[in-house]
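Some notes on the structure that comes next.
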Amino acid sequence: MKIVLVSLDFKDLGAFSAVRGFLQDRFDASLESLVLPVPERAFNPLRSQYHAGVIVQELLNKVRKGEYLIALVSGDLYVDGFNFVFGLADPSYRVAVVSDARLRQEFYGLPPDRELHLSRFKKEVLHELGHLLGLPHCPDARCVMHFSNTLEDTDRKEAEFCDSCRAKILPYLRKD
Ligand SMILES: [Zn+2]
Ligand SMILES: [Zn+2]
Numbered sequence: 048m049k050i051v052l053v054s055l056d057f058k059d060l061g062a063f064s065a066v067r068g069f070l071q072d073r074f075d076a077s078l079e080s081l082v083l084p085v086p087e088r089a090f091n092p093l094r095s096q097y098h099a100g101v102i103v104q105e106l107l108n109k110v111r112k113g114e115y116l117i118a119l120v121s122g123d124l125y126v127d128g129f130n131f132v133f134g135l136a137d138p139s140y141r142v143a144v145v146s147d148a149r150l151r152q153e154f155y156g157l158p159p160d161r162e163l164h165l166s167r168f169k170k171e172v173l174h175e176l177g178h179l180l181g182l183p184h185c186p187d188a189r190c191v192m193h194f195s196n197t198l199e200d201t202d203r204k205e206a207e208f209c210d211s212c213r214a215k216i217l218p219y220l221r222k223d
């Protein structure tokens, strides 16, 4: 298994490498990092947000056989019908995108909290990668595959798969 972690002009290099290390620890996979420009046509100036679906579309030709591609963006994401999304995954093409814009306390006018930011970011990336590996949303509110409608949902869940989800993707996980 190969995971390609793509920086779409992602600004926070420390967070990028924290996520990379986090995935490397958990998955029996080789990791490759790639830097690409954010697709201009994904930006909606009326909303000052990027369309997550358009970003995923733009990345479809970057993923090769057997690879799982996760793109990280600093800008805020949305899809039609939603005010925002933390991320979006297309399991059939094995491409996902995750934004950390709304995972920062500063977004809500609060003092920065690096640890909280990184913890949320790891959860959201792990969640989208879970989708790429075929996992649906999980009813267990503590499981990383639980749907996050709000940041409270993200904070409630752990940066781990529950036993049931874990069992479904066992071959991809690092044996320790
Ligand atoms: Zn999801
Ligand atoms: Zn689960």
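In terms of this note's numbering, the sequence shown opens at residue 48 and continues consecutively.
Ideal Cβ positions, reconstructed from N, Cα and C, are used throughout, including at glycine.
- In this structure, residue 200 has its beta carbon at no less than 7 Å from each heavy atom of ligand 2.
- When the alpha-carbon of residue 90 is set against those of 63, 123, 180, 118, the nearest one is in 123.
- The beta carbon of residue 208 sits closer than 7 Å to at least one heavy atom of ligand 2.
- Per DSSP, residue 199 lies in no beta strand (DSSP E) segment; the continuous alpha helix (DSSP H) that holds it begins and ends at 198-203.
- One Cα belongs to residue 92, the other to residue 167, and the distance between them is close to 27 Å.
- Annotated three-state conformation of residue 174 is helix, per DSSP.
- For residue 160, same chain residues with a beta-carbon under 7 Å away, outside a window of 5 residues either side, are 152 in chain order.
- Straight across, the Cα-Cα distance linking residue 220 with residue 72 is about 9 Å.
- The residues 192, 193, 194, in chain order, have a CB closer than 8 Å to that of residue 184 in the same chain once the five nearest residues on each side in sequence are set aside.
- For residue 194, the Cβ falls inside the 7 Å cut-off from some heavy atom of ligand 1.
- For residue 164, the Cβ stays outside the 7 Å cut-off from all heavy atoms of ligand 1.
- Of the candidates 119, 65, 106, 189, 189 places its Cα closest to the Cα of residue 209.
- With fewer than 16 other Cβ atoms inside 10 Å of its own Cβ, residue 82 counts as exposed.
- Counting C-beta pairs closer than 8 Å gives fewer than three between the segment 198-206 and the segment 94-111, which falls short of the contact rule.
- Residue 141 holds the alpha-carbon nearest to the alpha-carbon of residue 108 among 141, 176, 180.
- Straight through space, the alpha carbons of residue 213 and residue 75 are spaced by roughly 13 Å.
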